[in-house]
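Our numbering puts the first residue of the sequence shown at 1, with every later residue one more than the last.
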Amino acid sequence: MKKLNLIIIALVLLSLSSYAQDSTNFYATMALSDAKELKKDLPNEIQILDERRNEAAVYLTPNAGHVLHDRVLVHGPGYIFKKSEEDAIAALYKDSKESPHTRMAFTITEDAIVNQTLDLINTQNIENQILELENYGTRYHNRAAATQAANDLKVKWEAMATTYGRTDVSVRLFNHVNTGMPSVIMTIEGVQTPDEFVVVGGHLDSTSSQGNNDAPGADDDASGIATITEAARALFEVGFVPNRTIEVMAYAAEEIGLVGSAEIASQYSNNNVNVISAVQFDMTNYNGSANDVSFITDYTDGSLNSFLMQLADHYNTTGTHEITYGTSLCNYGCSDHASWTNEGYMAAFPFEANFGQHNGNIHTANDTFSISGTADHAAKFAKLCAEYLIETAKSGVLSIDESLVDSVLVTIYNDQLVYNLEGANKNFKSVAFFDMQGRKVYETQITSNKGTVSIESFNAGIYVVNFRIDQKTSVSKKIVVK
Ligand SMILES: [Zn+2]
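Listed below in structure tokens is the structure:
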């Protein structure tokens with residue numbers, strides 16, 4: 001019995017200390033000014049190991065970490081966790097300026113599908129998911145509820161892909177070294193350049209400065225997770241197939257020093273994964289400023305920020321999809337975009353409000369959906385997210401099997417499209433009609449290779465009829481409706 005008790009005690013101690021900073025001192029990097037201030041206020045709780053430019057490598061107590069977290073100007077822990085002294089110091093001397101990764105020329109070319117997608121962004125879906133995540137109570141990284149939220153999100157994303165028949169989508173858990181909570185990554189494989197990636201993300205964990213017993217984290221950052229989920233769903237609904245690979249990421253353990261995103265970005269960099277750019281959505285649902293979106297200009301990429309502004313100028317100037325924007329600062333270790341920036345990737349962070357005007361309830365038990373009461377603000381970010389994904393990943397050109405074109409026969413008779421696909425000797429699954437602006441006006445499943453589709457409700461004009469065999473292969477014919 002005694003021995004068993006000792007083993008149990010040892011296991012409890014082991015689990016308490018397995019993620020350093022919850023119970024013991026740990027290494028990190030932070031802004032030099034923050035390190036000096038902490039040293040002045042808590043001289044016995046922080047050791048400055050090295051400094052370079054405006055950054056310090058430090059060894060600190062969990063309490064000092066919490067004090068900094070509560071002091072940060074806008075958001076985030078204010079420090080980046082490092083697993084050893086060596087890693088903390090090395091981070092100071094790492095030059096991210098000479099990026100080994102592709103710098104892409106950004107273009108805006110996908111008007112038809114973007115405009116169609118903007119109409120599909122559903123505010124209610126965002127609200128539902130924020131409430132779903134809020135209901136876990138607290139998603140602090142070492143809580144069972146945090147891991148449960150990650151497992152459940154994987155199932156939700158998989159179900160979403162299945163609903164839209166997306167065989168090009170996969171979802172995986174990314175297990176970490178410095179937290180027991182996994183991140184969740186949804187991959188939409190590019191049809192032409194699958195080795196080039198575009199990334200959007202938010203963090204799934206939450207925290208409370210009152211002890212993490214009640215950290216609903218609705219705005220910080222259930223709102224970001226709901227935003228990127230709804231953007232991806234709209235892409236599925238519109239039938240967007242990307243040229244480049246898209247990854248949608250729900251990061252673990254952001255609140256304890258960007259732990260999840262740092263491990264992912266570092267692994268991608270070590271494996272030479274060509275991430276074109278990454279955009280972070282962390283707090284999207286509190287409308288605190290005159291502008292809808294504040295682009296954070298520190299620790300982000302200037303040309304990517306400019307591109308996101310160009311997207312808003314192009315797609316969101318007036319009407320129901322209007323988005324106004326400004327710029328703001330967020331400081332050191334502010335959110336997961338910094339993990340990508342540190343690895344030399346282009347990253348951006350569109351934030352819910354200007355410096356000092358964001359949701360003041362974050363990191364408390366009051367960070368609930370009821371503070372905003374609607375997901376209208378987050379919906380604007382979901383639109384920006386969808387625009388960014390479509391315009392950076394670009395529409396995949398579905399392979400059209402020319403050899404099949406002649407064996408696909410269509411005629412129009414009595415307001416019906418009459419089709420005969422038997423000569424192709426393939427199983428066709430659906431037929432879609434596109435107008436000359438590229439808008440999908442109608443789509444239906446087909447179960448037989450011979451049949452009719454009513455086009456009675458179509459306006460006169462030219463349409464492209466697209467018969468699809470699978471996600472990547474289809475055959476198109478033009479028709480004229482009089
Ligand atoms: Zn956050």
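Every residue, glycine too, gets a C-beta built ideally from N, C-alpha and C.
Computed from a predicted structure; not experimentally measured.
Under a three-way DSSP split, which group does residue i fall into?
{"i": "methionine 30", "result": "strand"}
{"i": "lysine 380", "result": "helix"}
{"i": "asparagine 5", "result": "Its pLDDT being 46, under 50, asparagine 5 is placed unreliably by the model, and nothing is read from it."}
{"i": "phenylalanine 307", "result": "helix"}
{"i": "tyrosine 286", "result": "coil"}
{"i": "serine 474", "result": "strand"}
{"i": "threonine 107", "result": "coil"}
{"i": "glutamine 280", "result": "strand"}
{"i": "phenylalanine 349", "result": "coil"}
{"i": "asparagine 63", "result": "helix"}
{"i": "leucine 409", "result": "strand"}
{"i": "glutamate 196", "result": "strand"}
{"i": "isoleucine 296", "result": "strand"}
{"i": "alanine 20", "result": "Only weak support exists for where alanine 20 lies, its pLDDT of 46 falling under 50; the value from the coordinates is given anyway. Three-state DSSP puts alanine 20 in a helix."}
{"i": "isoleucine 246", "result": "strand"}
{"i": "lysine 83", "result": "coil"}
{"i": "tyrosine 136", "result": "coil"}
{"i": "serine 208", "result": "coil"}
{"i": "tyrosine 332", "result": "coil"}
{"i": "glycine 302", "result": "helix"}
{"i": "threonine 318", "result": "coil"}
{"i": "threonine 374", "result": "coil"}
{"i": "tyrosine 388", "result": "helix"}
{"i": "threonine 327", "result": "strand"}
{"i": "threonine 364", "result": "coil"}
{"i": "threonine 147", "result": "helix"}
Could you round the C-beta distance between residue i and residue j to whole angstroms and report it? I think they count as a contact, below 8 Å.
{"i": "serine 430", "j": "glutamine 445", "result": "5 Å"}
{"i": "phenylalanine 281", "j": "cysteine 385", "result": "6 Å"}
{"i": "leucine 304", "j": "methionine 346", "result": "5 Å"}
{"i": "alanine 432", "j": "asparagine 466", "result": "5 Å"}
{"i": "isoleucine 108", "j": "leucine 389", "result": "No, isoleucine 108 and leucine 389 are not in contact; Cβ-Cβ is about 13 Å, not under 8 Å."}
{"i": "threonine 320", "j": "threonine 297", "result": "Actually they do not touch by this definition, with Cβ atoms about 28 Å apart."}
{"i": "valine 464", "j": "lysine 482", "result": "Incorrect: roughly 16 Å between the Cβ atoms, too far for contact."}
{"i": "lysine 383", "j": "isoleucine 121", "result": "5 Å"}
{"i": "glycine 76", "j": "histidine 176", "result": "No, glycine 76 and histidine 176 are not in contact; Cβ-Cβ is about 18 Å, not under 8 Å."}
{"i": "histidine 141", "j": "glutamate 263", "result": "No, histidine 141 and glutamate 263 are not in contact; Cβ-Cβ is about 12 Å, not under 8 Å."}
{"i": "isoleucine 225", "j": "glutamine 116", "result": "Contact flag wrong, Cβ pair sits at about 24 Å."}
Since residue i sits in a beta bridge, which residues does DSSP pair it with?
{"i": "histidine 203", "result": "Tyr251"}
{"i": "tyrosine 463", "result": "Ile479"}
{"i": "arginine 172", "result": "Ile185"}
{"i": "serine 430", "result": "Gln445, Arg468"}
{"i": "glutamate 48", "result": "Note that residue 48 is isoleucine in the sequence shown here, rather than glutamate. Note: isoleucine 48 sits in a beta bridge opposite Val58."}
{"i": "valine 155", "result": "In the DSSP output, where bridge partners are listed per residue, valine 155 has none listed."}
{"i": "tyrosine 164", "result": "According to DSSP, which records beta bridges pairwise, tyrosine 164 is partnered with nothing at all."}
{"i": "valine 275", "result": "Phe197"}
{"i": "serine 420", "result": "First, the residue type needs correcting, since residue 420 is asparagine and not serine in the sequence shown. In the DSSP output, where bridge partners are listed per residue, asparagine 420 has Leu409, Lys450."}
{"i": "serine 395", "result": "Pro242"}
{"i": "serine 261", "result": "Paired residues: none, contrary to the question."}
{"i": "lysine 440", "result": "Phe434"}
Sorry if obvious, but does the Cβ on residue i come closer than 8 Å to a heavy atom of ligand 1?
{"i": "glutamate 255", "result": "yes"}
{"i": "histidine 75", "result": "yes"}
{"i": "serine 208", "result": "no"}
{"i": "aspartate 313", "result": "no"}
{"i": "isoleucine 362", "result": "yes"}
{"i": "aspartate 70", "result": "no"}
{"i": "glycine 201", "result": "no"}
{"i": "glycine 288", "result": "no"}
{"i": "serine 294", "result": "no"}
{"i": "serine 183", "result": "no"}
{"i": "glycine 78", "result": "no"}
{"i": "serine 328", "result": "no"}
{"i": "glycine 538", "result": "Look at the range of the chain in this structure, 1 to 482, and you will see that residue 538 is not part of it."}
{"i": "glycine 333", "result": "no"}
{"i": "aspartate 435", "result": "no"}
{"i": "glycine 224", "result": "yes"}
{"i": "aspartate 221", "result": "yes"}
{"i": "aspartate 376", "result": "no"}
{"i": "methionine 283", "result": "yes"}
So, does the region 283–303 touch the region 165–182, judging by three or more C-beta pairs under 8 Å?
no
Report yes or no: do the region 110–129 and the region 44–52 share at least 3 C-beta pairs separated by less than 8 Å?
no
Do the region 33–46 and the region 80–96 touch if we need at least three Cβ pairs shorter than 8 Å?
no
The region 216–235 contacting the region 289–304, beta-carbon criterion three pairs below 8 Å:
no
Check whether the region 266–277 and the region 153–164 touch, using three or more Cβ-Cβ pairs below 8 Å as the test.
no
Cβ contact (3+ pairs, closer than 8 Å) linking the region 195–213 and the region 323–341:
yes
Counting Cβ pairs closer than 8 Å, one from the region 359–366 and one from the region 203–214, do we hit at least three?
yes
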